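Student: Before I ask anything, here is the structure I am working with.
Protein chains: 2
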Amino acid sequence: MDASGVQPTSRPGGRTARTRAAVRDATLAELAVHGYAGLTVEAVAARSGVHKTTVYRRWGGVDGLVVDALALADEDGWAPPDTGSFERDLRELAREVVVTFAGTPASAAFVAAAFQSERAAAALRDFYAERHRRSAAVVTRAVERGEVPAGTDAGAVVKAAVAPFYYRVLIAGEPATEDLADQSAAAVAHAARAGLYA
Amino acid sequence: MDASGVQPTSRPGGRTARTRAAVRDATLAELAVHGYAGLTVEAVAARSGVHKTTVYRRWGGVDGLVVDALALADEDGWAPPDTGSFERDLRELAREVVVTFAGTPASAAFVAAAFQSERAAAALRDFYAERHRRSAAVVTRAVERGEVPAGTDAGAVVKAAVAPFYYRVLIAGEPATEDLADQSAAAVAHAARAGLYA
DNA sequence: ATGCTAATGCAACTGGAGTCGCATTAAGGG
DNA sequence: CCCTTAATGCGACTCCAGTTGCATTAGCAT
Numbered sequence: 028m029d030a031s032g033v034q035p036t037s038r039p040g041g042r043t044a045r046t047r048a049a050v051r052d053a054t055l056a057e058l059a060v061h062g063y064a065g066l067t068v069e070a071v072a073a074r075s076g077v078h079k080t081t082v083y084r085r086w087g088g089v090d091g092l093v094v095d096a097l098a099l100a101d102e103d104g105w106a107p108p109d110t111g112s113f114e115r116d117l118r119e120l121a122r123e124v125v126v127t128f129a130g131t132p133a134s135a136a137f138v139a140a141a142f143q144s145e146r147a148a149a150a151l152r153d154f155y156a157e158r159h160r161r162s163a164a165v166v167t168r169a170v171e172r173g174e175v176p177a178g179t180d181a182g183a184v185v186k187a188a189v190a191p192f193y194y195r196v197l198i199a200g201e202p203a204t205e206d207l208a209d210q211s212a213a214a215v216a217h218a219a220r221a222g223l224y225a
Numbered sequence: 028m029d030a031s032g033v034q035p036t037s038r039p040g041g042r043t044a045r046t047r048a049a050v051r052d053a054t055l056a057e058l059a060v061h062g063y064a065g066l067t068v069e070a071v072a073a074r075s076g077v078h079k080t081t082v083y084r085r086w087g088g089v090d091g092l093v094v095d096a097l098a099l100a101d102e103d104g105w106a107p108p109d110t111g112s113f114e115r116d117l118r119e120l121a122r123e124v125v126v127t128f129a130g131t132p133a134s135a136a137f138v139a140a141a142f143q144s145e146r147a148a149a150a151l152r153d154f155y156a157e158r159h160r161r162s163a164a165v166v167t168r169a170v171e172r173g174e175v176p177a178g179t180d181a182g183a184v185v186k187a188a189v190a191p192f193y194y195r196v197l198i199a200g201e202p203a204t205e206d207l208a209d210q211s212a213a214a215v216a217h218a219a220r221a222g223l224y225a
């Protein structure tokens, strides 16, 4: 599938690439200032210097802008932590979530977009599926080291460790701290070692 | 605070009450069919037989409609399970989340609304704060029975147990099953008994 | 270089969300 | 029962997101 969500072009030359980059940058800037609820095609067009008709034609609307921005995040070379210790890996994973939400204003916007648009929802599902696929290595290595019993559900472990932060920040509207990351990682690691995620 | 979010009326007589009930019902019906993204004041007005001007005046917009509907859920007499066992209580709590999301189309809409409107976000925060306040009894009773060490953070325990379901259903876009509820409850109970949420 | 055409720019148009001023209805007090 | 006025009904109006037809610019092949 076309990871970007933007219609492929048969003429990917200089101007087209410049347009796309300008729109992408403008989208992230607008998201940082106004959030998804305040994201408008018109503002992105004005900020990027690209005509709004062009934005509508190539991105389809605000949801397409977000999908394109999300595809960027998917293309980064992210890899899960590898500290040599299961619990420390989980802790780093959880801390990363906290830091990302605090430092990347667009992250909550991606979730907000998913609630408004099926296209954005599909892109977000793909994004998280890929993250979880990569994160499974944390559990695999723990099994190899004998820290965790074989047959442990890697996906369930990773999701249990990070879910409280998404829940607090996005659903319940509470702040999340790194202390909570330590607590969550310790609790999940303890249960996983006992074989409760098998 | 005015739990409903609707402007209080100095004439709460028959017609006003009928109007509000009709609009509330229409809102829930529209949410069930179109979700929050497809919720329009015009459709609610048409379905309820109330003029759209009235809806705008009393509810302010689509977000107000959702806030009012959410206030209803807040007024129910919900109480956390009390099975006599810590782990079974947690399991019931988690299963309730799964069942509610499967059976109440409006539940996801409340979260979606919170991403679009500060009013809705505040209402949802209040809703969850109240839920957690009531749920803390599960942990309190477990402490009294000696199942869990004193000083355990009740909020953290409850959130850890239910967060994976919100995460899966709302963020990652995966289905949630009752089997996962059992797994989550067992893992959290195990960690709590070990004093990891103190 | 030059012609073809994909990609973009541009302005006018459409449609629906939300507002406003005024008319009408009915709740509640006397 | 009648009077006051809160609450609602009603239609016209504004405003902005999104669309459309046509003009212009610039990739890319020859």
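Chains A and B supply the protein sequences, listed in that same order. Residue numbers for the first sequence, in the working numbering: 28 to 225. Residue numbers for the second sequence, in the working numbering: 28 to 225. Virtual Cβ for every residue (Gly too), placed ideally from N, Cα, C. Keep in mind the model is a prediction, meaning the values are calculated, not measured.
#1: Using only CA atoms, which one of B:178, B:199, B:169, B:197 lies nearest to residue 21 of chain B?
#2: On the criterion of 16 or more Cβ atoms from any shown chain inside 10 Å, does residue 157 of chain B qualify as buried, or is it exposed?
#3: Take residue 193 of chain B as the anchor and find which of B:182, B:208, B:106 has the nearest alpha-carbon.
#4: So which residues on chain A does residue 107 of chain B lean against when the C-beta distance must stay under 7 Å?
#5: With distance defined between alpha-carbon atoms, name the residue in B:215, B:201, B:200, B:131 nearest to residue 191 of chain A.
#6: Look at the alpha carbon of residue 53 of chain B and the alpha carbon of residue 66 of chain A, and state the distance between them as a whole number of angstroms.
#7: Can you tell which of B:147, B:135, B:104, B:151 has its C-alpha closest to the C-alpha of residue 161 of chain B?
#8: Can you give the beta carbon distance from residue 142 of chain B to residue 63 of chain A, rounded, assuming they're within the 8 Å contact cut?
#9: How would you list, in chain order, the residues of chain B whose beta-carbon sits under 9 Å from the beta-carbon of residue 152 of chain A?
#10: Take residue 111 of chain B as the anchor and find which of B:182, B:197, B:186, B:172 has the nearest alpha-carbon.
#11: Compute the Euclidean distance between the alpha carbons of residue 45 of chain A and residue 92 of chain A, then round it to the nearest angstrom.
#12: Can you name the start and end residues of the alpha helix (DSSP H) that residue 97 of chain B belongs to?
#13: In angstroms, rounded to a whole number, what distance separates the CA positions of residue 167 of chain B and residue 181 of chain B?
#14: Scan the segment 117-139 of chain A for residues whose Cβ lies nearer than 7 Å to a Cβ of chain B and list them as they occur along the chain.
#15: Within this structure, are the beta carbons of residue 90 of chain B and residue 144 of chain B separated by less than 8 Å?
#16: Return helix, strand or coil for residue 63 of chain B, following the three-state DSSP convention.
Tutor: So, from the data block:
#1: Absent from the structure is residue 21 of chain B, since the part of chain B shown begins at 28 and ends at 225.
#2: Position 130 of the second sequence, counting from 1, holds the residue named residue 157 of chain B. By the neighbour-count rule (16 or more Cβ atoms within 10 Å), residue 157 of chain B is not buried but exposed.
#3: The sequence position of residue 193 of chain B within the second sequence is 166, counting from 1. Of the candidates B:182, B:208, B:106, the one whose C-alpha sits nearest the C-alpha of residue 193 of chain B is B:208.
#4: Numbered from its first residue, the second sequence carries residue 107 of chain B at position 80. Those within 7 Å of residue 107 of chain B in chain A number zero; the least Cβ separation is about 16 Å.
#5: Along the first sequence, read from residue 1 onward, the residue named residue 191 of chain A stands at position 164. Ranking B:215, B:201, B:200, B:131 by Cα distance to residue 191 of chain A puts B:215 first.
#6: The residue labelled residue 53 of chain B in the question sits at position 26 within the second sequence. The residue labelled residue 66 of chain A in the question sits at position 39 within the first sequence. Counting only the Cα atoms, residue 66 of chain A lies some 29 Å from residue 53 of chain B.
#7: Numbered from 1 along the second sequence, position 134 holds the residue referred to as residue 161 of chain B. Checked all of B:147, B:135, B:104, B:151; the closest Cα to residue 161 of chain B is B:104.
#8: Stepping through the second sequence from its first residue, residue 142 of chain B is reached at position 115. Stepping through the first sequence from its first residue, residue 63 of chain A is reached at position 36. The Cβ separation is near 7 Å, so the contact holds.
#9: Position 125 of the first sequence holds residue 152 of chain A. The contacting residues are 199, 200, 201.
#10: Locating residue 111 of chain B in the second sequence gives position 84, where the first residue counts as 1. With respect to the C-alpha of residue 111 of chain B, the residue from B:182, B:197, B:186, B:172 having the closest C-alpha is B:172.
#11: To locate residue 45 of chain A, count along the first sequence from 1; it is residue 18. To locate residue 92 of chain A, count along the first sequence from 1; it is residue 65. Taking the straight line joining both Cα atoms gives about 15 Å.
#12: Position 70 of the second sequence, counted from the start, is the residue given in the question as residue 97 of chain B. Run containing residue 97 of chain B: 89-102, per the alpha helix (DSSP H) assignment.
#13: Numbered from 1 along the second sequence, position 140 holds the residue referred to as residue 167 of chain B. Numbered from 1 along the second sequence, position 154 holds the residue referred to as residue 181 of chain B. The straight-line gap from Cα to Cα measures roughly 7 Å.
#14: Within the segment 117-139 of chain A, the qualifying residues are 138, 139.
#15: Within the second sequence, residue 90 of chain B is the residue found at index 63, counting from 1. Within the second sequence, residue 144 of chain B is the residue found at index 117, counting from 1. Contact flag set, yes.
#16: Counting from 1 along the second sequence, the entry for residue 63 of chain B is found at position 36. In this structure, DSSP gives residue 63 of chain B a state outside helix and strand, which the three-state scheme calls coil.
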